[in-house]
Structure formats: C-alpha cells, structure tokens
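Protein chains in written order, with my numbering: chain A, 516 to 822; chain B, 4 to 259.
The beta-carbon is built from N, C-alpha and C at its ideal position, and this holds for glycine as well.
In what follows, a structure is listed as structure tokens, so that the remarks can point back to it.
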Amino acid sequence: MQIYLPIAEMPVNILLIIGLGGAVGFLSGMFGVGGGFVLAPFLMFLGIPPPVAVATQATQIVASSVSGVITHWRKGNVDLKMGGVMLAGGLVGSVFGIQLFNALKAAGQADLFIALSYVIFLGSIGGLMFWESLQAVRHGGSSVGSTRREPGGHYWMHGWPLKMRFHRSKLYISAIPPVLLGALIGLLSVVMGIGGGFVLVPAMIYLLRVPTAIVIGTSLFQIIFVAAFATLLHAITNHSVDLLLGLLLTAGGVVGAQFGVRYGERLRSDWLRLCLAALVLMICLRLGLDLVLPPSDPFNLAVEGLE
Amino acid sequence: MRGTLALLCCIAAMAAGAVRAEDLAAGISRDKIEITSNFTGANVVVFGAIENEGGEALPATETRDIVVIVRSDKPYIVTVRKKDAFGPIWVNRDARRFAGVPGFYFIASTRPLKDIAPENVLEQFEIGIDRIALGPAPNAIGGPKEFREAIVRTKVREELYSQHEGAVSFLSGSLFRTTVSLPPTVPAGNLKVLVYAFADGRVVSSNSMTLFIDKTGIERRLSEFAHYSPFLYGLVAVLLSVLAGFFASVVFRERQ
C-alpha cells in the first residue's frame, strides 16, 4: 500500500513506515532515548531526502516521548524538578550551539565535525556503559555505585554550592551539574541535530547517580521540548517537515513507545543498560565504517533550489 | 577563412531549410498529471507526424530521425561535493556549484544519437544525457568534467535522467510515437516536451509542448501550508504529535 508524501515528493509504503515508527518508538519508551539517530538514517535509506528525514523524525520523537512520559509519570518515574533544571541549562546551551554551528559551517567542516563527534561520543559512552553494565550483570544485578566507585566519580560534586533537593531522584546535590549537563545536551542537539537522549541517559546514571527508572522518564520529558523546538525550527527555516510522513511514523511510534515502557520495566536495570550500550555501540560502528570505508560514489549532490 | 566558411555553411543550411519546409505535428496523450496521494508515477505517450508543405505524408524515400526530449522547465542550482581520503577517514574536500540542472530529463530517439547528427548539433540542442548544458552557477568557478558527470550519474541512478535510443518508433512512413515513463519521484512543476525531426544531421523541424505536473487535493494543501505559513505549520506538527502521544497513552491505560 503506497502513499505519496507531499513534502518529500515521493511515494512510500504505509505499513513499512508505521512499522519503522513502531520499532523506534519501542526503543524510545524502553531506553528513554529519542531514537533520532536510528530513524533518520533509515528514512534516508528509503530514499527520503535528508533534510525531510531529519526534520520529520523530530515530530515522531515528540509523539513517542509524550506517549512514554505520560506512562512513566503515572508510575512516578519523572523528576520534574530535575527535568526543569536541565531544560534551563539546555536553553543556554542551544544558543551557544547555534553560534558554534555557524562557526563550523563558515570553516566548511561542519559535516566532518558532526560525524567525528558522533563517533567519539557514541564510542566512549557506549564503551564505558557496556563495560560497566557487563560487570553489573556478572555480579548479579548490583546497582550503580554500590560496587564500583571511581575516585572522584561520586564525591566531586558534593562540595558544590546551590544545593537542591530532588525528591524523585532521591538526591541532594548542587544544581550546577544538572544545568551544565542540560547545556551540553542543548549544544549537542543544535550542532548534531539530535535529541541527545543517548548522552543524557548515561550521564544521568553515571554522573548524577539518578536511579535508572527515573532517568528514562526524565530524559523523555526533556527530549519532548528539544524535539518540539527542532520541529518548529526546521518547519520555519527549511519547510522540510512532512506532516503525512510524520503522522504515519507517529501512529507506529506512540504504540511502540507504550510497549517499550512495559517491556523496559520487566528488564533488570543492568540488562537494560547493557542493551542500550550495545545499541549505541552498533550505531557508532556503523557511523565509523561510513567514515573509514571508501564511499561507493565519492561525489554527492545537494540541491540548493530553483534558479 | 574560417568565418567565410561558416557563413557559407550557414547560407547553405538556410537554403536547404527553405527547400524542405516541413511541418512536425505532435501531441501528448495527456497534458496534465495530477499528483494525488496514490501517485506512483505515470506514462505519457508522445506522438506525431511529419508532413510536407502540402500537408501530405512524406514520400517513402524520405526518412527522418525523431528525437523526443522531456525535461523540467525550471532548472535547479546544485552543489556537488567530492569525498577524498584525509588520513584514515573520508571527508568532503572539493565542492562545485552548477546551474541549469534539470530535475528531470528523458530522451528517446529513433536511432543511436551519434548516428543522427554530428556532435556540435547534438550539443547545441542539448540532445543526450551527457550533453545537458550544466554550467557553473553565478559567482562560482566551473567544475572539472568529473563533477558534471557525477550529477548525471546520480540522476540516472535515481531514475530521473534516462536515455532510450531506438525507443521512438514509426507506425507508418510519417507517424511516430514513444512512451515517456515518469517515475514517482518526478519533481512537481512544468515539463517541456520537445520533438525534433532530423535529416542529414540537421534539425529540419521541431515542436514544443508543455506537460503540467501538479499536486492536487491534500498533497497540494499540505505543501502550500508548509510553504506559506511555516510557523503555524510547525505548531500544528508539534501539536498533532503531542495529541497522538497523549491519545496513545490514554488508550493503553484503559486497556490495562
């Protein structure tokens, strides 16, 4: 069953797109990541123009994050205070991000910078997380921090000022680390065009020591705003959001997210971290191979518009 | 010396043209294609007949070669980037901008193009996917040949450029036809349909028509909405996503 997309200007298979949305929504609900870094390459593989793929996936991320957050909220897994503090940092970060992005563009190497930072971020975060969760799984599901405490890993932020109590996360820490983390995510999401869930989730687990269940709900909460902002920005500057494609992805995504939340709960948190680490490493490997392997056609085209 | 020769050739050509006053009548099976939500491409038949001055069919001894070109009316500006090895990784190094890049180009002919006319004539009329006039964009330096070839190669791979030598067939001495297949990814906008009749390596008559391709119904409304009120469009996109997410979580809660 084919349907013609008005903005992408090509037909796609309806069931394939709904299924794709469902699969990514499942990952989103389970791990608290937006899933943009999986969805966009898939859409491009189907022949959808890259600007449309990147812009439209943001609508699907909004939808599956909302769907996941409400379910997590009912289970008491969203720390609104923590999310709000990070969001405030995120706003500042995205302003700096726009400036950094423009500077890189002027230097002509934005693409390379994005690809390299993807590989470095995904590789180091995925690798560390994989190692840690593998140890945890081996030791029979001990929680983060109880068996391994890197020097400084737990204590460095405790002397910081502006302490706040985060009830849901069971933390009494300085507000500065969450703000900085939020700013970093805001910066990354503007420069790299992603929601930043795969950076946020591990950072909240390992740096802020927020319980894994709370991390996922709170990360999704933050991603809603980042993705909504991205959707608006793309719609205004590039006119590249395809509503029809977005609706199809969303239809699958919101249902997938529901199953993802339920399935994620049944999984032990160390196994959950291990699966997310494996996913992140797989994507890192794919991106790394793209950089290193000789391209099948070294030339690529970008249409700038009508004469 | 060269100038005189060219002038002589020109006069000779004009004289010959005057002798062979022919008419090329041509038509298309449909002149408007509407892109609806179930659009998966379309076929259009281009047909025509060659008549002499008196409106009669040509004598059997006179043979003509027919070339049919269907191409986008408005060309694009395109940037071509080339990846090169930079240490262990491949990065975009060199880039060139081109103007005059049609989004769609289809060509069909009665015989191999190089048998129909000499190279300079083919180039003059942009006959053949390798002869589309792709020039440097304003304020840009021209690209080496490999950049131009990359544009054509990519468009051929995307099935937007195609060349079909021998695909125009004569039904009788003067009646010809060919089928143009438009892929589902054909860009919306007008297409020019150009028909040329060749004899002895020269164009003896030609005809041009317009094929309108336009989005209709929901496709058109969404596309106009996205372009004319982008802020509202973006808000609607976000709102629909939030509603869909909310709706799903409500439905699933009731099922528990």
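Can you find a C-beta in chain A that's less than 7 Å from the C-beta of B:HIS167?
No, because no Cβ of chain A sits closer than 7 Å to the Cβ of B:HIS167.
Between B:SER219 and chain A, is there a C-beta pair that is closer than 7 Å?
First, the residue type needs correcting, since residue 219 of chain B is Thr and not Ser in the sequence shown. Not an interface residue.
Looking at the unbroken beta strand (DSSP E) that takes in B:VAL104, where does it start and where does it end?
Where B:VAL104 is concerned, the enclosing beta strand (DSSP E) stretches over 92–104.
Identify, in the order they occur along the chain, each residue of the same chain with its Cβ nearer than 7 Å to the Cβ of A:ALA742, setting aside the five sequence neighbours on each side.
For A:ALA742, where only same-chain residues beyond five positions count, the Cβ hits under 7 Å are GLY549, ALA573, ILE576, VAL577, SER580 and GLY710.
Start and end of the beta strand (DSSP E) containing B:LEU194?
That run of the beta strand (DSSP E) goes 192–202.
Of all the CB atoms in chain A, is at least one closer than 7 Å to the CB of B:PHE255?
By this cut-off, B:PHE255 is an interface position.
Once you ignore the five residues that flank B:ALA16 on each side, which residues in its own chain have a CB closer than 7 Å to its CB?
Caution is warranted here: a pLDDT of 44 is assigned to B:ALA16, below 50, making its placement in the model unreliable, and the coordinate value is therefore given only provisionally. Hits under 7 Å: ARG205.
Per DSSP, what kind of secondary structure is A:ARG724 in: helix, strand or coil?
Here A:ARG724 sits in coil by DSSP.
For the beta strand (DSSP E) that B:ASN46 lies in, which residues bound it at each end?
Segment 45–54, the beta strand (DSSP E) holding B:ASN46.
Given 8 Å as the limit, is there contact between the region 94–101 of chain B and the region 228–236 of chain B, that is, 3 or more CB pairs closer than that?
Judged by Cβ distances under 8 Å, the region 94–101 of chain B makes no contact with the region 228–236 of chain B, as fewer than three pairs qualify.
Quick one: does A:GLN572 have its CB under 7 Å from some CB of chain B?
A:GLN572 does not count as touching chain B.
Out of B:ALA29, B:VAL73 and B:PHE150, state which residue places its alpha-carbon closest to the alpha-carbon of A:PHE814.
Per the Cα distances, B:PHE150.
Quick check on this structure: which residue in A:LEU759, A:HIS682 and A:GLY551 has the alpha carbon closest to the alpha carbon of A:ILE518?
For the residues A:LEU759, A:HIS682 and A:GLY551, the minimum Cα distance to A:ILE518 belongs to A:LEU759.
Should B:THR66 go down as buried or exposed, given a rule of 16 or more other Cβ atoms within 10 Å for buried?
Per the 10 Å Cβ criterion, exposed.
Do the region 45–60 of chain B and the region 87–96 of chain B touch if we need at least three Cβ pairs shorter than 8 Å?
Output reads no: the region 87–96 of chain B does not touch the region 45–60 of chain B.
B:PRO78 touches chain A at which residues, Cβ-Cβ below 9 Å?
Neighbours of B:PRO78 on chain A, chain order: LEU821 and GLU822.
Have a look at A:SER543 and A:PRO809 and give me their C-alpha separation to the nearest angstrom.
Rounded to the nearest angstrom, the two C-alpha atoms are 32 Å apart.
Give the DSSP-derived three-state secondary structure of A:ARG680 in the structure shown.
Strand at A:ARG680.
Going by C-alpha to C-alpha distance, which of A:LEU695, A:ILE739, A:GLY701 and A:VAL705 sits closest to A:LEU722?
The candidate whose alpha carbon is nearest that of A:LEU722 is A:LEU695.
Can the beta-carbon of B:GLY44 be found closer than 7 Å to that of B:PRO186?
Yes, Cβ-Cβ distance for B:GLY44 and B:PRO186 is below 7 Å.
Under 7 Å between C-beta atoms, does B:VAL81 make it to chain A?
Closer than 7 Å to some Cβ of chain A, the Cβ of B:VAL81 qualifies, so yes.
Just by C-beta distance, which residues in the region 187–198 of chain B are closer than 7 Å to chain A?
Cβ contacts with chain A come from PRO187, THR188, PRO190 and ALA191.
Closer than 7 Å, CB to CB, is A:PHE713 near chain B or not?
Taking Cβ atoms only, chain B never reaches closer than 7 Å to A:PHE713, which makes this a no.
Could you tell me whether the Cβ of B:LEU27 comes closer than 7 Å to any Cβ of chain A?
Chain A contact via Cβ: absent.
According to the neighbour-count rule (16 or more other Cβ atoms, all chains shown, within 10 Å of its Cβ), is A:PRO676 buried or exposed?
With fewer than 16 other Cβ atoms within 10 Å, it is exposed.
How far does the alpha helix (DSSP H) with B:SER209 in it extend, from its first residue to its last?
Where B:SER209 is concerned, there is no enclosing alpha helix (DSSP H), although the beta strand (DSSP E) it sits in stretches over 205–218.
Any idea if A:PRO666 is buried or exposed, counting beta-carbon neighbours within 10 angstroms, 16 or more meaning buried?
The predicted position of A:PRO666 is uncertain, since its pLDDT is 41 and thus under 50; no value can be drawn from it.
Give the interface partners of B:ASN95 over in chain A, defined as CB-CB distance under 8 Å, in chain order.
By Cβ distance, chain A contributes ASP626, LEU627 and ASN815.
Thinking A:PHE616 and A:VAL705 are a contact (beta carbons under 8 Å), I'd like their distance in whole angstroms, please.
Correct: roughly 6 Å between the Cβ atoms.
Please check if any C-beta of chain A sits within less than 7 Å of the C-beta of B:ALA251.
Yes, B:ALA251 lies at the interface with chain A (some Cβ there is under 7 Å from its Cβ).
Which runs of the beta strand (DSSP E) at least 3 residues long sit entirely within the region 109–173 of chain B? Give them in chain order.
Qualifying beta strand (DSSP E) stretches, in chain order: 164–168.
Using a Cβ-Cβ cutoff of less than 7 Å, which residues in the same chain neighbour B:LEU137 once the five nearest sequence positions on both sides are dropped?
Excluding sequence neighbours, B:LEU137 sits near PHE101, GLY103, VAL104, ARG151 and ILE154.
Between which two residues does the beta strand (DSSP E) containing A:PRO526 stretch?
Segment 525–528, the beta strand (DSSP E) holding A:PRO526.
Could you compute how far the alpha carbon of B:ALA240 sits from the alpha carbon of A:GLY551?
Near 17 Å, if we compare the C-alpha coordinates of A:GLY551 and B:ALA240.
For a cutoff of 7 Å on Cβ pairs, would you count B:ARG99 as touching chain A?
It does not: the Cβ of B:ARG99 has no partner Cβ on chain A nearer than 7 Å.
Of the residues A:LEU748, A:LEU595, A:SER639 and A:VAL714, which one's Cα is nearest the Cα of A:ARG680?
The option with the nearest alpha carbon to A:ARG680 is A:LEU595.
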